[in-house]
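In full-length UniProt numbering, the protein residues as written are 1 to 223.
For glycine and all other residues, C-beta sits at the position ideal for the given N, C-alpha and C.
A short write-up of the structure that comes next.
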């Protein structure tokens, strides 16, 4: 199916303008394609980082939960709950901002804001509950990984949106604009060729008539 033709006058000026527009569109498509490749490369990198962090986070939480179950088996559920109640709650907040990423894209940025380590130490005795204290510290450090993973996920989502936009722009140029230019250029070239042929026929007719008049005048003058 041929592309829709643009509504233009079939003149040489329009033909030159369309060819320039087609060349410009092809150049823009090439630039967008290069940007798309950079974005896809960055997306793969971000996904790999997120996968590594997610796996590390899962392993840490799984190990922590396993140690927590063992602590309950050794000390009893009630003892573990009593020790947990003596711990200082972890007070934190998440600060949101933006960071400039690949191709100048503004990515959401999350940063964990928490109290100083000294203020967050648990009020537990190492002799009473060494495992609980160790695992509580591990859970505390996990919060950094959770926020970092959230930032990576937000960046991945932003990259996917930009990639989708770039692809739509490229497809519009490659499968709509350029075919329209080609169809219109072919139409103008065809019309100009037809006009040239008609002009050539008209010139030959005029030349023949002029020749006939000259010959007739010559014959009349000779008589």
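| Query | Result |
| --- | --- |
| Under the rule that 16 or more other beta-carbon atoms within 10 Å means buried, what is residue 130, buried or exposed? | Any reading at residue 130 must be qualified, since the residue scores a pLDDT of 48, below 50, and its modelled position is unreliable; the value itself is stated next. The residue in question, residue 130, is exposed, as its Cβ has fewer than 16 Cβ neighbours within 10 Å. |
| Between the beta-carbon of residue 150 and the beta-carbon of residue 110, is there less than 7 Å? | yes |
| If you follow the alpha helix (DSSP H) that residue 98 is part of, which residue opens it and which one closes it? | That residue, residue 98, is in no alpha helix (DSSP H); its beta strand (DSSP E) goes 92-100. |
| Using the Cα positions of residue 123 and residue 53, report the straight-line distance between them to the nearest angstrom. | Legend: pLDDT at residue 123 = 47, less than 50; position of this residue unreliable, no value from coordinates given. |
| Should residue 217 be labelled buried (16 or more other beta-carbon atoms within 10 Å of its own) or exposed? | exposed |
| For a test of the three-state rule: what should DSSP assign to residue 110, helix, strand or coil? | strand |
| Do the stretch 29-47 and the stretch 181-196 touch if we need at least three Cβ pairs shorter than 8 Å? | no |
| For residue 163, which residues of its own chain have a beta-carbon under 6 Å away from its beta-carbon, when the five flanking residues on both sides are left out? | 39 |
| CB residue 46 to CB residue 156, shorter than 7 Å? | yes |
| Taking the beta carbon of residue 96 as the centre, do at least 16 other beta carbons fall within 10 Å, making it buried, or is it exposed? | exposed |
| What does the alpha-carbon distance come out to for the pair residue 49 and residue 152? | 8 Å |
| Looking at the unbroken alpha helix (DSSP H) that takes in residue 56, where does it start and where does it end? | 12-75 |
| Run the CB neighbour count on residue 184, radius 10 Å, all protein chains shown included, and call it buried at 16 or more, exposed below. | buried |
| What do you reckon, are the CB atoms on residue 288 and residue 15 nearer than 7 Å? | No information on residue 288 is available, as it lies outside the stretch 1 to 223 that the chain covers here. |
| Helix, strand or coil, according to DSSP, for residue 6 in the structure here? | coil |
| By a C-beta neighbour count over all protein chains shown, 10 Å radius and 16 as the cutoff for buried, is residue 70 buried or exposed? | exposed |
| In angstroms, rounded to a whole number, what distance separates the CA positions of residue 105 and residue 30? | 19 Å |
| Whole angstroms is fine: what's the gap from residue 198's alpha carbon to residue 180's? | 27 Å |
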